[in-house]
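Letter by letter, the sequence shown follows residues 1 to 982 in UniProt numbering.
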Amino acid sequence: MLSINMDDVMQVVSNIQNYLIAFGVVLVLALLVMFAVRKMPKAKKKMIRAQSGLAILLALAIVINLICTGPMSTMLDLVSGEGSISEETSAEATELVNEITQEGIVLAQNDDNILPVASGSKLNVFGWASTSPCYGGTGSGALNDAYPVTDLLTGLHDAGIETNDELSKFYTDYCSTRPSVGMAQQDWTLPEPNVSLYTDEMMANAKAYSDTAMVVITRVGGEGADLPTDMSAVVDGSWVRRVADYRGSQRGAGYYNGTYDDSLNEGNDWDKGDHFLQLSNREEELIDLVTSNFDNVVVVYNGANAFEMDWVKNYPQIKGVLLCPGTGQSGFEGFGRVVAGEVNPSGRTADTYAADLTASPWWNNFGDFKYTNTSEFNSNASMFDPEGTTPSFVNYVEGIYVGYKFYETAADEGLIDYDKEVVYPFGYGLSYTTFTQKMSDITNDGADLKFSVTVTNTGSAAGKDVVEIYNDPPYTNGGIEKASANLLDFAKTSELAPGESETIDFTIPVEDLASYDYKNNGCYVLEAGDYIISTNSDSHNVLDSKTYTVASDIVYNESNKRESDEVVAINQFDFAEGEITYLSRADGFANYDEAIAAPATYEMSDEIKAGFENCFTYTESGYEKDDDANAEDITTGAKNGLKLADLRGVDYNDSKWDDLLDEMSIDDLQQTIGFGGYQTAAVDSIGKVRTNDCDGPASINNNFTGVGSVGFPAATLIGMTWSKDLAHDFGDSIGKMANEMNTSGWYGPAMNIHRTAFSGRNFEYYSEDGVLSGAMAANAIAGAQEHGVYAYMKHFALNDQEGNRNCMVATWSNEQAIREIYLKPFEMSVKDADCHAVMSSFNYIGNRWAGGCSELLQNVLRGEWGFLGFVETDYFGVYGYMTADQAVRNGGDLMLCTTGNDYNNVTVLTNSSKQAMRTSAKNILYTVVNSRAYEAENLNPGMAKWKIVLIGADVVAALLIVGLEYTAIKNYKKRKEEEEEV
């Protein structure tokens with residue numbers, strides 16, 4: 001779960017300060033009056049002081065009421081939420097966690113059938129990480145501490161495998177907890193003991209215990225910071241980009257505030273040029289130690305970020321390799337089942353495992369690039385950078401050649417030696433059995449390609465196989481960019497007994513073979529030529545193939561849109577292309593060195609500046625370009641007798657919606673769009689109930705009540721199952737638990753692309769591939785929506801690194817890559833799952849904030865894809881650039897804001913902005929009324945507990961004040977009589 005955000009705390013203080021000042025004034029005046037009457041007659045003095053005291057008490061009661069029903073009402077609503085998850089539902093979710101893990105783990109190597117290890121066997125488990133493995137990641141995707149975790153060793157034990165306790169105790173005695181990687185600060189220390197600490201006796205005991213060793217290597221990432229690309233800089237402190245005073249302490253920019261305690265382990269852990277996704281010196285020595293003492297070694301890589309594994313081939317003693325990202329709350333039970341052979345592994349890699357990540361085409365264009373001439377856009381927002389927010393940028397120079405699309409195409413063009421550059425291809429995985437796959441002929445009805453693949457288990461053990469369908473399209477030198485391998489679809493078989501076969505049918509829309517031509521036609525084009533449709537064991541190895549020939553070019557323009565689009569898809573993102581040389585396949589990637597070079601300039605051009613806005617410039621004058629001068633004013637406060645519940649099931653375009661919206665006031669609209677932090681707000685005038693929205697994407701957690709679910713495996717591991725059914729089951733489980741928690745919205749699933757291996761949030765995302773990501777996400781969304789829960793597909797879009805994510809990071813990419821790679825999962829989630837909620841992203845696309853980019857949110861999302869629903873911002877901390885004014889005028893609807901700030905409401909009220917507010921409210925109301933929140937059994941939530949408590953406290957306070965006033969008057973009269981008698 002997320003912890004308390006200090007910026008929220010400071011905002012709360014800011015929001016209530018005027019109330020506190022008012023009370024302070026009353027308090028001071030009352031005390032002055034009490035002091036001023038000190039020489040008056042006793043009766044009068046006592047009476048005035050009593051009235052002053054009552055004034056203080058009354059003022060306090062009024063201020064508390066104003067604060068609770070005003071700026072704190074949203075927070076109080078959130079903390080007083082109800083709902084819990086039943087033990088039965090939680091148990092079902094826990095078993096699903098195990099199923100996902102056991103179907104997602106990839107068997108990457110199995111020489112001499114070293115795996116499985118028979119139940120009842122003994123195993124030496126080396127590596128400090130074996131006692132402190134990775135379960136998930138940090139941030140909004142973190143696990144719920146309320147549930148115990150099953151650790152790696154327990155998973156092995158429960159599968160009947162004994163492990164060497166002496167080794168485990170050695171590691172826990174050395175360091176019992178994993179250093180913390182958080183949003184504001186990261187401790188990247190790896191507590192791997194120096195091999196000198198392994199005594200001769202310990203190693204002799206280990207060899208006597210078992211002739212087989214397992215070595216566990218783990219890497220953990222999280223929200224808010226990417227994994228370090230220069231460990232020597234982390235060690236010497238230069239990785240901390242800037243240090244400044246932040247609320248009384250020294251702190252670096254949150255994204256680059258990493259430290260490493262190189263004094264913990266004997267010797268230097270890292271050499272100059274090392275990065276976090278390679279073996280440390282201590283780990284290298286450990287591998288040497290283990291392989292020099294054991295001839296049967298299994299390596300487990302436990303992490304969601306693709307690790308450099310090329311070193312494995314140098315050790316013939318390493319006969320087995322397992323790839324296992326964070327397993328969630330209990331998933332190491334599934335891990336144990338795979339190791340023991342109770343379950344046959346059927347996972348496939350969701351990313352390419354490269355031999356040398358520094359040789360990847362993105363290496364020079366990932367990380368921290370600050371503009372040097374944009375001070376006019378700077379702000380003092382200091383949550384993630386103590387020196388404030390300053391514009392930055394990242395160039396997606398590789399274009400469409402992301403992950404396997406680069407390696408496969410570069411190998412075909414002779415740019416690289418594939419076997420030297422790639423350790424494990426995308427879609428790769430072994431089994432304890434063997435399979436064959438055979439394609440049928442392709443039939444074509446003009447719209448779809450249809451064929452089947454028959455899978456046969458030719459081995460001696462039952463198991464599941466994955467059918468991966470790829471397209472190798474015709475490429476014209478210098479023409480539209482095309483990768484030579486493109487995943488089209490996939491399916492996982494049921495468990496097949498030895499000798500058993502299963503036939504899987506595929507239907508591929510012909511339009512899915514088209515490529516986006518942003519340079520010439522400005523739309524999708526299916527070029528003439530031969531398209532090789534194949535079933536592969538992975539992105540590199542073809543098992544069977546057929547050829548589909550297109551006789552002439554098909555241009556999907558205004559007169560011939562794609563069948564799946566509502567309106568034609570044409571160029572929308574010319575402004576995001578920037579002044580960049582993009583990698584091209586032309587002449588065998590002749591421009592490779594030029595394209596992948598580090599940025600040549602850190603200056604923003606005047607042309608780009610002219611369209612760049614932050615919250616200050618937009619609300620001053622920038623809004624004018626988005627305003628319609630001819631817009632009519634809206635109707636407010638009408639008495640049409642409608643309530644929101646009346647519109648459940650009513651078509652979005654029905655005129656009844658106008659009648660309902662006419663009933664809302666400007667304040668109603670502001671409340672609806674401005675306070676979407678983990679909820680949608682109540683609106684009394686139309687009977688709109690408040691709904692809970694909860695964090696994901698690895699679980700469903702209410703950060704305010706502490707109620708939440710078990711944590712599911714990292715999305716990367718879900719992606720590695722290559723099982724659409726399991727992805728659906730995951731969403732179904734989330735939806736069921738959300739319903740029991742009285743939660744209507746789920747902040748998940750996340751589906752950004754593993755553009756690089758170093759993104760801190762890769763664990764939250766499925767894959768480097770858009771189709772795999774989209775299929776998994778769409779099925780998860782469909783599962784959740786079956787319970788009436790609207791799932792927020794996030795983060796829309798191009799939010800593929802954590803570095804500078806809240807520092808106005810301008811993401812530059814060409815339109816083909818934007819559409820074919822980065823928007824693909826979102827497109828599939830809308831078209832295939834009818835998703836109704838979106839969380840936009842922090843970053844800019846080109847020079848336009850994604851949360852206020854009409855080309856993205858209006859033209860593509862709603863126009864082309866036909867999305868019906870609402871778009872919420874990512875966390876609305878403003879950070880110097882987020883503003884409701886820009887969001888609602890450009891397709892955003894809801895601000896993820898809990899406490900209110902200067903920009904979560906529309907500040908420039910024009911007829912145009914009021915029309916936009918009305919549309920935003922409609923989008924929110926339409927989604928909510930058709931969710932579980934308006935099912936009959938959920939429609940009487942009653943009064944919030946805090947309101948009941950407040951009313952009770954007010955009654956008590958009123959009685960107390962009346963009683964005290966009565967007593968004061970009575971005493972005054974008595975004293976007055978006594979004074980008169982004297």
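For glycine and all other residues, C-beta sits at the position ideal for the given N, C-alpha and C.
Coil, strand or helix - residue i by DSSP
i	result
V707	coil
G463	strand
S534	strand
T172	helix
D230	coil
E162	strand
I416	coil
residue 983	Within the shown structure, residues of the chain are numbered from 1 to 982, placing residue 983 beyond reach of any answer.
V510	helix
A354	strand
residue 986	Past the edges of the chain, shown from 1 to 982, lies residue 986, and the structure says nothing about it.
R848	strand
T349	coil
L115	coil
8 Å Cβ cutoff met for residue i and residue j
i	j	result
I532	D472	yes
S767	A355	no
A887	T899	no
D468	T547	Looking at the sequence provided, one finds Glu at residue 468 rather than Asp. Not closer than 8 Å, so no.
F435	T454	no
F589	E413	yes
L190	H275	no
I480	E408	no
V707	S699	no
Y765	D695	no
G783	D732	yes
V397	C615	no
F876	N904	yes
Element boundaries [alpha helix (DSSP H), containing residue i]
i	result
E103	E87 to G104
S292	N281 to N293
W657	K656 to D662
I948	K945 to E981
Y209	D200 to Y209
C615	C615 to E620
residue 987	This structure cannot speak to residue 987, because the chain is shown only from 1 to 982.
T672	I666 to G674
Closest residue to residue i among the options (Cα-Cα distance)
i	options	result
F704	V949, G748, V789 and N692	N692
L289	L909, D271, A213 and G578	A213
G499	G336, G463, L487 and Y518	G463
Y618	E786, L415 and S913	S913
V343	M309, A411, S431 and F406	S431
G788	G160, Y926, E579 and E978	Y926
D230	G222, S90 and L277	L277
L449	A576, E421, D489 and T476	D489
M47	E979, A968, F126 and P71	A968
F393	S440, Y424, D800 and C853	D800
Cross-strand partners of residue i (DSSP beta bridge)
i	result
T454	K438 and T503
V26	In DSSP, V26 forms no bridge with anything.
Y19	According to DSSP, Y19 bridges with nothing at all.
G320	N110 and V298
T212	N296
Unbroken beta strand (DSSP E) run spanning residue i, endpoints
i	result
K736	Run containing K736: none in the beta strand (DSSP E); it sits in the alpha helix (DSSP H), K724 to E740.
W812	V809 to W812
V928	Here V928 belongs to no beta strand (DSSP E); instead the alpha helix (DSSP H) covers N911 to V929.
C523	C523 to L526
M793	Y790 to F796
C68	Unbroken run through C68 is the alpha helix (DSSP H), K42 to T69; no beta strand (DSSP E).
V299	N296 to N302
Proximity test, Cβ basis, 8 Å: residue i and chain B
i	result
F867	In the displayed structure, chain B is absent; only one protein chain is listed.
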